[in-house]
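Visitor: Numbering (the numbering used here), first residue to last: 2 to 134. Idealized CB from N, CA, C, for every residue including glycine. Nothing here was measured: the structure is a model prediction, and the numbers come from that model. Shown below is the structure under consideration.
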C-alpha cells in the first residue's frame, strides 16, 4: 500500500502528543525514539491560504504543529467594514459562502487558534484576495 509508512509515522507522531502516551506504548509498537515535546500554545500561529473556486473563497489551513494542542481555528474576515467573525472551524479547510460583490473588492482574512473558547497563540498573517461576481 503506497504511503503506508508515512501515514504510520504521522500517526505515531500524533500519538506521542497525547497525554496517555508512554514508553511502554512505544515499546509495544516498536517505535522507540525521541519524544515529541508539545509546542507552547502561546507561540502557535496559523497559516492561511486563499483561492477563488466556483464563486466562493476557499480559506485553506492546516493543523501543523498545533495538532493535538488546540481544538479549533477562529477565522475572521474584513470585507471593507472592519474585522468580523466568520466561523470557528474544526476541520481544514473552510469555504466562505458569502455572495461575491458585483464590483471588485479586496477581502481580507485572518485566524487564531482556539482552546476551550479561549483564543491562544498569535494571529495569522493577514491574507487578501480580489473578488467579484
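Ordered along the chain, which non-local residues of its own chain (more than five positions away) have a Cβ less than 8 Å from that of residue 132?
Guide: Counting from 1 along the chain shown, the entry for residue 132 is found at position 131. Closer than 8 Å at the Cβ level, and outside the excluded window around residue 132, lie 53, 58, 101, 102, 105, 106, 107, 108.
Visitor: Is the beta carbon of residue 120 sitting closer than 8 Å to the one on residue 75?
Guide: Translated into the one-based positions of the chain shown, residue 120 becomes position 119. Translated into the one-based positions of the chain shown, residue 75 becomes position 74. It is a contact, given that the beta carbons lie within the stated cut-off.
Visitor: For residue 127, tell me which candidate among 115, 47, 95, 118 has the shortest Cα-Cα distance.
Guide: Here the question's residue 127 lines up with position 126 in the chain shown. The shortest Cα separation from residue 127 among 115, 47, 95, 118 belongs to 47.
Visitor: Using C-beta distances below 6 Å, list every residue in its chain close to residue 63, excluding the 5 sequence neighbours before and after it, in chain order.
Guide: Start at 1 with the first residue of the chain shown, and residue 63 comes out as number 62. Within the same chain, residue 63 has close Cβ partners 93.
Visitor: To the nearest angstrom, report how far apart residue 85 and residue 78 are at their CA atoms.
Guide: Here residue 85 corresponds to residue number 84 of the chain shown, with the count starting at 1. Here residue 78 corresponds to residue number 77 of the chain shown, with the count starting at 1. Cα to Cα, the separation comes out at about 5 Å.
Visitor: Hey, which unbroken runs of the alpha helix (DSSP H) at 4 residues or more fall wholly within the segment 19 to 89?
Guide: Correct list: 24 to 30.
Visitor: So, using beta-carbon positions, are residue 113 and residue 124 closer together than 8 Å?
Guide: On the chain shown, position 112 is the one that residue 113 refers to. On the chain shown, position 123 is the one that residue 124 refers to. It is a contact, given that the beta carbons lie within the stated cut-off.
Visitor: Report the three-state DSSP secondary structure of residue 130 (helix, strand or coil).
Guide: Here residue 130 refers to the residue found at position 129 when the chain shown is read from its first residue. Three-state result, residue 130: strand.
Visitor: Taking only the alpha-carbon atoms, compute the straight-line gap between residue 13 and residue 6 and give it to the nearest angstrom.
Guide: Your numbering for residue 13 matches position 12 in the chain shown. Your numbering for residue 6 matches position 5 in the chain shown. Cα to Cα, residue 13 sits roughly 10 Å from residue 6.
Visitor: Does DSSP put residue 14 in a helix, a strand or coil?
Guide: Residue numbering aside, residue 14 sits at position 13 when the chain shown is read from its first letter. It is helical.
Visitor: Between the C-alpha atoms of residue 96 and residue 122, what's the straight-line distance to the nearest angstrom?
Guide: Residue 96 sits at position 95 when you count from the first residue of the chain shown. Residue 122 sits at position 121 when you count from the first residue of the chain shown. Their Cα atoms are separated by approximately 23 Å.
Visitor: Got a sec, what are the start and stop residues for the beta strand (DSSP E) residue 97 sits in?
Guide: Taking the first residue of the chain shown as 1, we reach residue 97 at position 96. It spans 95 to 97 - the beta strand (DSSP E) in which residue 97 sits, taken as one unbroken run.
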